[in-house]
Structure formats: C-alpha cells, structure tokens
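Undergrad: Going by the numbering used here, the first residue of the sequence shown is number 1, and it counts up by one from there.
Idealized CB from N, CA, C, for every residue including glycine.
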Amino acid sequence: MEGTQSQVMEVKDRRTVALGELRILPDEIICAILENLTPRDVARLACVSSVMYILCNEEPLWMAVCLKSARGQLEYKGSWKETTLHRQQVQHEFAEPSKMTLNFDGFNSLFLYRRFYRCFTTLDSFSFEKGNVERKKNLSLEDFHHEYDGQKPVLITELAETWPARSTWTLEQLLVNYGDTAFRISQRSSKKINMKFKDYVSYMKLQHDEDPLYIFDDEFGEVAPGLLKDYSVPYLFQEDLFDVLDRDQRPPFRWLIIGPERSGASWHVDPALTSAWNTLLCGRKRWALYPPGRVPLGVTVHVNDEDGDVNIETPTSLQWWLDIYPLLADEDKPIECTQLPGETIFVPSGWWHCVLNLETTIAVTQNFVNSKNFEFVCLDMAPGYRHKGVCRAGLLAVDENTFRNAKGNVFHDEEWLTHPAIMREEKRVRVSETGEDPCVDDNNEKTTNGFSKCYSNLQNQNFSYNIDFLSIFLEEVRDHYSSIWSPGNCISEREMRGWLHKLWVGKPGMRNLIWKGACLAMNTDKWSSCMAKICAFHNLPAPSDDERFPVGTGSNPVFLIDGYVIKIYVEGGLEFSIHGLGTELEFYSLLYKVNCSLKDHIPSVLGSGILIYENGSYTTVPWDGNGVPDVIAKCNLVPGKSVADGYPFGVWSKQQFEYREAGISIHELVNSVACTKIWPYIITRRCEGDIFAHLRDALSWDDVLNLASFLGDQLRKLHLLPLPSLPDSIYSDNEKKTNLSSMNSILGVTQHSSVPVEWGLFIETLTRKKKDVSSRLVRWGNPIPSSLIDKVEKYLPEDIAMLINLSKDENGLHKSPTWIHMDIMDDNIHMEPYFLGSCLNENVPCSNGAMDCNSGNGEQRKWRPSHILDFSDLSIGDPLLDLIPIHVDIFRGNSVLLKRFLESYRLPFVRRISQDEPEGSQNKFRRTSYHAMCYCILHDENILGAIFSLWKELGSANSWEEVEEAVWGDLNKYEKSLLKKLGSVKYAAADGKWCFQLLFVAPYFSYKFFVNFILS
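Here you go:
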C-alpha cells in the first residue's frame, strides 16, 4: 500500500514535456487548432506524444473534424472517430486501435474536464415548476393582438389538442412511417447534412455529445408531405404576409425539430426580425428570452459595415446554462419557462431566445410576417449596418455622436453613452463589462414582473423597440434601392421588390402599411417624388394612387403611368447609371439606323433626361445621349478627351468603366454608390399585357415554348447587329498600343501576336474578376459546395483569352464580339394576351392588357411574347453570356426550352477550331459547355447560387465538369449539329465578322434572304 502511494506521488505533470513549445498555449487553443486539421493530420499528431494522443482522441474533436468535411447523407457508427474513419474508408483492422483506453496519469485539464462533464451530464431535474412567462388558455385573437403580439412572449395551452400529431409524433410512430426518410440535420456549418430518420434515432441513443446533432429541417413538408397533414397553423397566427409568394420564392419558414437531451438552439434573434410560434409534441424544452436590444451575457454580435451581414458568436445552449447562467445576478437573468407537451410558445419580433432540450423532444415551428412586425421586417432588409445592430443590441451598437445626431431624439440616460463605439472594420457589439451596473437605479430598485429594472430603463427611457425610433438609425448615405444587399437577408433584393409589389396589388386595404414598409426597405417615397417631378416636366398625366408604387424586380425603380413607363437609373451610382442610359440610347439609335426588325419588339423611347436635386428642389435636363450635359461635365465622369457630339457614354465608354470597376473592392464600391442627387431617367411607351415574371404560373406549355422560340429569334438579331466603331476619344492610337501591349503581357503572348482591340477590355475585365474568384464564391457561400470552391482555380483557364479562342482560325481571322443584353430575365420579357378563336383559325388580339380579359364567347385566352425590356445593361462581348440568365432564370434549367431556343437561334457560340489544331490539353475549349460554365463562375451576379438551388442534386457533385455537363451539356450537341449543318460557312475576309453579320447593314430583305438561305 505504501509503495502504491509512493508511486502516485512520483507521477509528474507530463504536459510540459509532451507538448514542447506548444505548452504555452491553453488547451482550448490547441483543441481549436486541431479542429481545423484533416483527419489524416490529426491521426499523425496523435503519435507525437502521450498528451497529444489524449488531445487527438477526444470525441468532440472528431465530431468537429467529421462534420467539417461531411456533406450529403451521414451515418453514425457509434463514435465520431469511428464515423470519420468509415467515411475516410479506413480498413477495419487499422481502425481497431482507436478503441484503446486513454491514460490520464500525470495530465490534468480543466478545459477537457468541463467539456467531458457537459457531454455526460443529465438534465432530468433541470427545469422550473413555473417560470415567469405567462400561460394562457383559450386566448382570443383580440386579446392576443392587444396584449402579446409584437410585445411579449406567451405560452398558450391546448392549441394543438385536436392535431393528429399529438398522438402520431412519437419516435416509435415516426420510425414506422418515416424511418427511411432523410431529414436535414442542424450543425454549426453551412454544409447540408441529412440522416435517415432510423439512423438519427440510433445516433440519439448512442451519442454523448456536448452539442448533439438535431433535426432542424425546413423542407420536411417536401420530403415527408404527410407530416403537413398532422398539424395546422393555430388561429392566432393565421396572418402571414409571405403567403403571397410562391413556395420556391418565400424564405424558409417552417421547421420540424427533433433533438435529444442537451441539444437545442443557442442564443439568436429570428431571421429578418420575424415572429414565431413553436408547438411541442413530445418531451420538455427550457426557454430563456431577453427583450430586443438586450444582448445576453457571453454573446457577441458582429455586423459587417460593408454589407450589413450579421454574425452572432454564442456558446451552445447547454454551455450557456451551465457556465454563464449561474453567474448572473437576479436582475440580469432572462425571462424563463419550461415548455411542456401540447404547449405553444409565441416569440415576438426581435426577441433574443435560447432553447435547451431537457429530454428527447419533437416540435414544429413556423416564422411569420404579419401587420405587427411587417415594418420591422422591412427595416431589417434595408441596406446598411447600424440599424441592424441597434435592432439586436440596442444602443450598444452606436457611438455617442451617432446617437446625439439622430433625428428628433431626446436621450435621458447619459451613462449608456459611455459604451464603446463599434469598430470600423467589423462592427462588434458586446454587453458592458464595467463594474458599475447601469441596470440598477439610485434606490437599487428592481421590477418584480420578470423584467429587471435594467429592461425597464432599456425599453422605456433609452432603447425603444419602436419602428419610428429604430428607423432613425438607417444610414442616409446609402441609397437603399441600389446599395449592396446583405447576404444574411432571408430573401434577395429581387424577391423583396417582387414581394412588396404583390402585397401592394393584392392587399389594397393594407396599402398604408405596405407603403411605410417599402419606404424603409427601398426608399419608395423618394423615387415616387422623383417620378412625379419627371411627369410634370414632360406634361405626362399625374400618377394615380395605384401608380405611385414601383413595379418589377429590377435594380432600378420603374413606374407605370397611364400609357408610359418611367425608369430612373440608380443602380451602381451616377457613373454606372449615366453609362446605362447612354448605352441604351446609342443602341436604340443604331436599331433605327440599320432598320432592324428587333426594334419592333423593343418599347419606343418617348423621352430621356437627367433629374437633379439641389437646394431643396428638382431640376430636369433633357438628354438624348449625344454630347455631355453640363451637370455631368462638372462631375468629371468622362475619361480622356471629351467630345461635343456622338455618344460619349456609349457602349465602348461603358466597357472602360466596367474594366475599372472590376478592380474596385467592395468597400470602395459602397462609397461610390453613396447617395447621389443626380439621376438619369428614360420614358418609353407602355406595352399591353404583363411581364413574364407575373404570368409564369398562368401560361400554358405552348405559350412557354413559343417564348423560347421568340427569344432565340430576337437574340440572333441582337447578336448580328454591327458594332459601333471605336471613337478616338475612347482609344487614341497610343492608348491602343498601350492596351495591346498590356494585353499581350497579361495573356503571355509574343510580340508578334496581336489581340483585337474590340476584345481587349472584355478579356482584361474577366482577368481581373478571376483574381479573386475564390473569395467571391466563399462570400456567396451556400448553396455553392465548398469542395467545388476549392477546385475552382484549377477549373478556370490560366489564360482567359482561351475562352474566346483569340488564336486565328484556318482563314487567319479572329472571332468577333457582339452586342449582348446581359439581363434577359423574367421581369424583362413582356407578354401580350390574345384570344384563340374557337371557330376561327386566326388569333384575335385581346381588347386590353388586363389580366382578367375575357371575350365572353368561350374563347381561350393565351399569351405571346411581344417585347424585350431594359437594355441599360448592354455590353459587348461573348454572346454566350446572354444564354445564362435565359436558361437559369427564365427556363429554370428546363432542357426542352433550351433546345427550342437553340433551334430558333441557329448561330454557333464557339468559333470553329482548325482541324489541324492539336487536341489534348485544349479539349475542354472545344466544349461549348465549358465556356458557358466559366462565364457562370466569373459572373458579377451569384449565378452559381441559382444553379445549385435549381439543380439540388449538384450539391454533392465532385467536380465542376459534373456541374458543367448537367447544366450546359446540351450546348455541345447543338454546336456539333449546327456546325455540321452550316458546312462551309466561313468568316468574312474583311474584319472577322460573320459574313451575314456584314450584310446586315444592307437593306433588310437582303439580310433576311441570305440568312434564310444559309440556315434553312
């Protein structure tokens, strides 16, 4: 016995020797580093020393390592190390040593012990008998709206008593009905992981995780539609203004939640400041809540000052309750309750909440937008960062000067102004760490209704979760209609504008509220005032109440006034806008000059000009695109030598601008988009009918097929238009030489090689975009698979010029660029109604463009494409770029529609390569699909996000080639078929343009005859 005690006394701390230089790092830092290694590297480090062996065999580490690399379907193998080795396809005999018992003699770690305790603690008695959230039974709708909606949480009993889910949503019954159904699993990663329900139940029984995985599936209604029949939205929460959106357009709003003991949701505010209800069917949940603006201790809010993206750093719910909750003074504790089966909790807009499952639980929850929180949702969507921080962290999100300068505000408690300002690069909002407690008044009084005196002060004196108060923190320097949209917003800018317009049209009784929300989200009041001034100047009819709301989902406000359309250019700031209008006007002039029939499908221009706001009033200056108006000349926007006539802001000048912009950082771009007081505008004739975006679901399949043919026909005409000559004011002879020399250097070509100047800026712009392509895709994030982002640099060509085959063909000629629209999306296609006579063989036009047009004779109304809208994004480049928005946005990836479009288009996209050109490494450049996929990756817009949303199966793709073939594979078959059909069609010898493109400047009948003859 004495010998044993002596041996114990002789055991020394082996951490110092075993870790070497790493001994200076705390265990939590070492573990955090290990979590970022690959499984192979972790296994190697385990062999370094006895202590490293302990650290590298900890289950939480292997859980983090496994989930970091996991995607798709997951199957738990009894431990996270075993699961990882199985996914790494490690043979069983090599995995056996991983089960060896760990020896902790001579090594102590408080960090590991706490984590071990959290993994194995039980929560049987971890609850309250009451809590301080009110419980209500038989709550009327009137009482709910008056006392709770938008004000405070409440627990409501017996709302779910008649649901089938009360008896069928048990683990045993769900296993029988949905055992092989895969549900999405929540974990701290943007990757999508799912598990078959039977595998997840097996995991729950075996696991001892600190933060267990739990089912948190927003698509359970799609994978298991029977579950939707087991419950219904309670009568208190029926109003949901997102209901006007199609299912694929509205943001995630309902979740199936299943989790074991110790799982839960850490501290958060619900997306977009929506409200939520949560009904528990099985088990017990512990809730903690703080009112808006009260950041829980241990939580840090980050709001990016460039795009307003919100990120919250928080411990797990179990860790917060075990490690932080016991340290809180009574007045700092949250509002709490234990939710029992059958109870529904309501969480108002903006409230912080944290949930801990005390045992295995099954619940359903939905977020919603109603009249009470609509303005808050619109406010949270608005660009900027300060108001987002204030909505979540109260006055901690602003500094003293910002608050003192806020309009119309009187501040009473000076002490709250002493909190640190948010840092400039990344706004950090944290709770005060000063010793003095600002939540206690001079008499040390505290409230007794569950809110501390701190909350009372915060709500009633300093911080008010009131829309008028919160809106004063919107940043006036940002133009809400065109500033960078936060990637954390639950819907995109286009969807937001479409949603508000649908509400405006579909809910006329709510227009006052909708108008207020739209003013917060996209400055509708400002643009409506501008539109009214333009109408007055051009003697147009005064807009009615129905006409004061912008239409469409584009990046510029557009108004329909009687028979006119007014578009105000705001996207991208003044320089971008003036180039947009200048290019559009130049293009319209060219159409009439060459008498192209495309002009019959573009709304005629009735007026254009520039609106200036100065000294409190508006001034309008007419401008047809020729010359440089004085107000623009003063802004020094014209590069190089200015011109007195012509189109100084035409397409070639715009090419230069796009090249310069491609090298601008996001932060610089934000500043350049800052609120301007000069806005170009255009007035066009209003078309009868409606845009395709509004009609998509109402069209027949024949209507959509006709649309595809129409687009192919019109795009062919666009791409055959002659290009304007390069003006001397854009490229002098010296500038041309400099540009070519620069291009040769970039592309690595010899001095004897030449790059056509028409391609120069296009290639240089793409080259600039390629430099930061990986970081841009990372910033866009989900649903773009991270595994593919890692491979994107290797997939793209080293030399961007290879995408357009600058090398000469067998005739010694280069491929020529073309006009490209760049933005043919569902809101830029106009459809007109007509009647298909039941007895006649002719189409009878509809008498008006109204949606409810009816002949009264039983005739079938159909829709046909009539116009292509919005040419402000026109550019010069590769015609393949025009196919991207058509296939992804209009066709939604439908291959039948793509084939119909190509049958009508009848032009090759990729220049024919000489038969003598060696194959091998150049094979991919023979694939039209490869060119299209590269353009998708390099696109300014998040085209990839749309692709991976449409082709969901590509989320598990192993290569870009796999994505390319799925999305664009049909192009290869089309190109081969077309080239075989064209046979001997060559490039014209003059300057490399297609021979029929040159004939386009001849009388139109010659062009038509020639094209029909060649392509028939």
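What are the boundary residues of the alpha helix (DSSP H) that includes VAL502?
TA: A small correction: the amino acid at residue 502 is Lys; Val does not occupy that position in the sequence shown. Per DSSP, LYS502 belongs to the alpha helix (DSSP H) from 493–506.
Undergrad: Pull up the distance between the alpha-carbon of TRP320 and that of ARG262, whole angstroms please.
TA: Straight-line Cα distance between these residues: approximately 12 Å.
Undergrad: Within the continuous alpha helix (DSSP H) that includes ARG118, where are the two ends?
TA: Where ARG118 is concerned, the enclosing alpha helix (DSSP H) stretches over 110–120.
Undergrad: Apart from the five residues on each side of it in sequence, which residues of its chain come closer than 7 Å, Cβ to Cβ, to ASP827?
TA: Cβ neighbours of ASP827 beyond the five flanking positions: GLY552, THR553, GLY554, ILE691, ALA693.
Undergrad: Should HIS208 go down as buried or exposed, given a rule of 16 or more other Cβ atoms within 10 Å for buried?
TA: Classification of HIS208: exposed, given that the 10 Å Cβ count is below 16.
Undergrad: State the beta-bridge partners of ILE568 as determined by DSSP.
TA: In the DSSP output, where bridge partners are listed per residue, ILE568 has TYR681.
Undergrad: Alpha carbon to alpha carbon, how far is LEU711 from ASN194?
TA: Cα-Cα distance, rounded: 40 Å.
Undergrad: Determine the extent of the beta strand (DSSP E) in which ARG286 is found, giving its start and end residues.
TA: It spans 285–290 - the beta strand (DSSP E) in which ARG286 sits, taken as one unbroken run.
Undergrad: Strictly by DSSP, which residues pair up with MET52?
TA: Answer is none; MET52 lacks a bridge partner.
Undergrad: Taking THR365 as the reference, give the member of HIS601, VAL17, SER140, LEU227 with the closest Cα.
TA: Checking every option, the nearest Cα to that of THR365 belongs to LEU227.
Undergrad: What's the gap between the Cα of PRO212 and the Cα of GLY259?
TA: Taking the straight line from one Cα to the other gives about 8 Å.
Undergrad: Whose C-alpha, out of GLU584, CYS530, HIS579, is nearest the C-alpha of LEU558?
TA: It should be noted that the sequence gives Val, not Leu, for residue 558. Looking at the Cα atoms, CYS530 is the closest of the given residues.
Undergrad: Between THR121 and ALA64, what straight-line distance do the alpha-carbon atoms span, to the nearest angstrom?
TA: About 20 Å.
Undergrad: Suppose contacts are defined by Cβ-Cβ distances below 8 Å. Is ILE820 in contact with TRP759 by that definition?
TA: No, Cβ-Cβ distance for ILE820 and TRP759 is not below 8 Å.
Undergrad: Report the partner residues of PHE183 according to the DSSP bridge assignment.
TA: Bridge partners of PHE183: MET195.
Undergrad: Using the three-state DSSP reduction, which class does LYS976 fall into: helix, strand or coil?
TA: The answer is helix: DSSP assigns LYS976 an H, G or I state.
Undergrad: Output needed for VAL176: all residues of its chain with C-beta closer than 8 Å, excluding positions within five of it in sequence on either side, in chain order.
TA: Nothing meets the Cβ criterion.
Undergrad: Rounded to whole angstroms, how far is the Cβ of GLY289 from the Cβ of ILE335, which I believe are closer than 8 Å?
TA: It should be pointed out that residue 289 corresponds to Leu in this sequence rather than to Gly. LEU289 to ILE335, Cβ: 5 Å. Contact.
Undergrad: Quick one: grab the DSSP three-state call for LYS769.
TA: Looking at LYS769 - three-state DSSP - the assignment turns out to be helix.
Undergrad: Buried or exposed for ASP878, going by 16 or more other Cβ atoms inside 10 Å?
TA: Flag for ASP878 reads buried.
Undergrad: Rounding to the nearest angstrom, what Cα-Cα distance links HIS268 and PRO292 in this structure?
TA: Distance between the alpha carbons of HIS268 and PRO292 is about 11 Å.
Undergrad: Quick one: which unbroken beta strand (DSSP E) runs of 3-plus residues sit fully inside the segment 600–640? Chain order, please.
TA: Runs of the beta strand (DSSP E) inside the segment 600–640: 605–614, 617–622.
Undergrad: Is the beta carbon of VAL704 less than 8 Å from the beta carbon of LEU897?
TA: Result yes, Cβ atoms of VAL704 and LEU897 sit closer than 8 Å.
Undergrad: Beta-carbon within less than 7 Å of LEU907's beta-carbon, same chain only, minus the 5 sequence neighbours each way: which residues are those?
TA: Within the same chain, LEU907 has close Cβ partners ARG716, HIS719.
Undergrad: Taking the alpha-carbon positions, what's the ASN57 to LEU34 distance?
TA: Going by the C-alpha atoms only, they are around 11 Å apart.
Undergrad: Between CYS31 and LEU67, how many whole angstroms is the CB-CB distance? I'm expecting something under 8 Å.
TA: That belief does not hold up - the Cβ atoms of CYS31 and LEU67 are roughly 15 Å apart, past 8 Å.
Undergrad: According to DSSP, LEU356 sits in a beta bridge with which residue or residues?
TA: Bridge partners of LEU356: GLY264, ARG286.
Undergrad: Going straight from the alpha carbon of GLN655 to that of ILE763, what length do you get?
TA: Cα to Cα, GLN655 sits roughly 11 Å from ILE763.
Undergrad: Please list the terminal residues of the continuous beta strand (DSSP E) segment that includes CYS337.
TA: Residues 335–339.
Undergrad: Helix, strand or coil for GLY259? Go by DSSP, reduced to three states.
TA: GLY259 falls in the strand class under three-state DSSP.
Undergrad: Express the C-alpha separation of TRP623 and ILE561 in angstroms, rounding to a whole number.
TA: Distance between the alpha carbons of ILE561 and TRP623 is about 21 Å.
Undergrad: How big is the Cα-Cα spacing for VAL90 and LEU141?
TA: Roughly 59 Å separates the two Cα atoms.
Undergrad: Which of the three DSSP states, helix, strand or coil, is assigned to ASP217?
TA: The answer is strand: DSSP assigns ASP217 an E or B state.
Undergrad: Please report the distance separating the alpha-carbon of SER732 from that of PHE463.
TA: Because SER732 sits at a pLDDT of 46, beneath the cut-off of 50, its placement in the model cannot be relied upon, and the following sentence gives the value as read from the coordinates. One C-alpha to the other measures close to 60 Å.
Undergrad: Buried or exposed for ARG541, please, with buried defined as at least 16 other CB atoms from any protein chain shown within 10 angstroms of its CB.
TA: Strictly speaking, residue 541 in this sequence is Pro, with Arg absent from that position. So PRO541 ends up on the exposed side.
Undergrad: If you check the beta carbons only, do GLN339 and LEU281 fall under 8 Å apart?
TA: Against a cut-off of 8 Å, the Cβ pair of LEU281 and GLN339 comes out as no contact.
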